[in-house]
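Okay, so the sequence shown: first residue is 865 according to our numbering, each after it adds one. For every residue, glycine included, the Cβ atom is placed at its ideal position computed from N, Cα and C. Since this is a predicted model, take the numbers as computed values, not measurements.
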Amino acid sequence: MGMRSATRSRLNKLPWWLLASFVLAVFFLWLIAANGDYRQIFETLLRGVGITLFVTFISFIIASIVGLVIALGRGSKHRAIRELCSFYTEIMRGVPMLVLLFYIAFVGAPQMVAAYNWIMGPLIEWEIVDKLRVRDLSMLWRAIIALSIGYSAFIAEIFRAGIESVDDGQLEAGRALGLSRWHTFRFIIWPQALKNILPPLGNDFIALIKESALVSVLGVQDITQLGKIYSASTFQFFETYNVVAYLYLIMTVSLSLVVRGLEQRMKRAFENEA
């Protein structure tokens, strides 16, 4: 009787949306295995999963590093640094990601190449390094740079909010212990801020997976671009975009569950400490 009650309790707590998502995933998996057209589409688009994940991971790492620097800059005691970082954040958050992709790809990239050649001018003249050409900077890396710049502004706000959520008394406690500003941040402020930063940071990573589909407009061979090419050549638009949506959903829903699990673990750990 106790086992039945425990089983019923677990079933009642199981989210219906998760059960429906699982049933849908199993159905599409069966469809891919049983239907030759779907299986061919799936095998074709699977090649784009690696590019999608590569773009997402590299962009997210760069955006996180830049975002942390910007967040720390916004808390600087020097007004010029604070204003510059605030300007960067507001401008980048106000530009649509698609516009930023086009701007970096066709305006920013030539300027970056010109700047590189100017800085490396003496080394190029001495033939120590080769002169960089615009076409040497691939569309893949232009897309990664654009996504990194765009998302760094959003991630900077997450870091800033997490750092500011720590009580000011913690900073004073660090000073009372004789710690420097850097050591106070590293050993006192940052560990406490991290528990507030990680959940929204995980949500931004999931959002970046979806935003990475925009790189297809630059011809990058991700899932969306391969789906566009395949559907245009076979006219199987319905089947192709079903598989495209399925692949994105598998990645995003799986990561959403991981983020939720992490949130629950951090919440329990915080309650145990309290």
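Limits of the unbroken alpha helix (DSSP H) element including residue i
{"i": "V930", "result": "G900 to R938"}
{"i": "K941", "result": "Counting along the chain, K941 falls outside any alpha helix (DSSP H), and DSSP gives it neither H nor E."}
{"i": "I1053", "result": "It is not in any alpha helix (DSSP H) - I1053 carries neither H nor E in the DSSP assignment."}
{"i": "L1043", "result": "Looking at the DSSP string, L1043 is not in any alpha helix (DSSP H), and its letter there is neither H nor E."}
{"i": "W982", "result": "A973 to I983"}
{"i": "E1028", "result": "M1003 to E1028"}
{"i": "V963", "result": "M961 to Y967"}
Residue nearest to residue i in terms of C-alpha spacing, selected from the options
{"i": "I1070", "options": "E989, S885 and T1116", "result": "T1116"}
{"i": "S902", "options": "P1055, H1047, A979 and Q1100", "result": "The question names Ser, yet the displayed sequence has Tyr at residue 902. Nearest C-alpha to Y902: Q1100."}
{"i": "G900", "options": "T1104, G1125 and K1059", "result": "T1104"}
{"i": "A927", "options": "V971, Q1128, R957 and L1119", "result": "R957"}
{"i": "V933", "options": "I1019, I922, M984 and Y980", "result": "I1019"}
{"i": "G1125", "options": "P1063, L883 and V930", "result": "P1063"}
{"i": "Y980", "options": "E989, L996 and K1092", "result": "L996"}
{"i": "V1029", "options": "I1061, P986 and P879", "result": "Note that residue 1029 corresponds to Ser in the displayed sequence, not to Val. If we check each option's Cα against that of S1029, I1061 comes out closest."}
{"i": "K1074", "options": "P1055, T953, F1051 and L1111", "result": "L1111"}
{"i": "Q1128", "options": "N1106, K1059 and T1088", "result": "K1059"}
Contact set for residue i: own chain, Cβ-Cβ below 6 angstroms, skip 5 residues either direction
{"i": "L962", "result": "L1078"}
{"i": "S1076", "result": "T916, V919 and T920"}
{"i": "I841", "result": "Look at the range of the chain in this structure, 865 to 1138, and you will see that residue 841 is not part of it."}
{"i": "M865", "result": "Only weak support is given to the placement of M865: the predicted model assigns it a pLDDT of 47, under 50, and the value that follows is read from those uncertain coordinates. Cβ within range, chain order: n/a, list empty."}
{"i": "I922", "result": "I1008"}
{"i": "V1123", "result": "G1066"}
Residue i classed as buried or exposed, judged by whether at least 16 other C-beta atoms fall within 10 angstroms
{"i": "R1045", "result": "exposed"}
{"i": "R1024", "result": "buried"}
{"i": "S1097", "result": "exposed"}
{"i": "G937", "result": "buried"}
{"i": "S1002", "result": "exposed"}
{"i": "A973", "result": "buried"}
{"i": "S1016", "result": "buried"}
{"i": "I896", "result": "buried"}
{"i": "L1065", "result": "buried"}
{"i": "G931", "result": "buried"}
{"i": "S1012", "result": "buried"}
{"i": "S1118", "result": "exposed"}
{"i": "I929", "result": "exposed"}
{"i": "V1084", "result": "buried"}
{"i": "D1068", "result": "buried"}
{"i": "G1038", "result": "buried"}
Cβ neighbours of residue i in the same chain (closer than 8 angstroms, five flanking residues each side left out)
{"i": "V1081", "result": "L962, L965 and F966"}
{"i": "R908", "result": "It should be pointed out that residue 908 corresponds to Thr in this sequence rather than to Arg. These residues qualify, in order along the chain: L1090 and Y1094."}
{"i": "W881", "result": "none"}
{"i": "D1154", "result": "Lying before the first or after the last residue shown, residue 1154 is absent from the chain, which here runs from 865 to 1138."}
Residues of its chain near residue i, where Cβ-Cβ distance is below 7 angstroms and the 5 sequence neighbours each way are ignored
{"i": "I1027", "result": "A935, G939, I1053 and A1057"}
{"i": "L1041", "result": "none"}
{"i": "K1171", "result": "What is shown of the chain runs 865 to 1138, which leaves residue 1171 out entirely."}
{"i": "S950", "result": "R938"}
{"i": "P1055", "result": "none"}
{"i": "S1120", "result": "I1070"}
Segments assigned beta strand (DSSP E), at least 3 residues, entirely inside the region 1097 to 1131:
none
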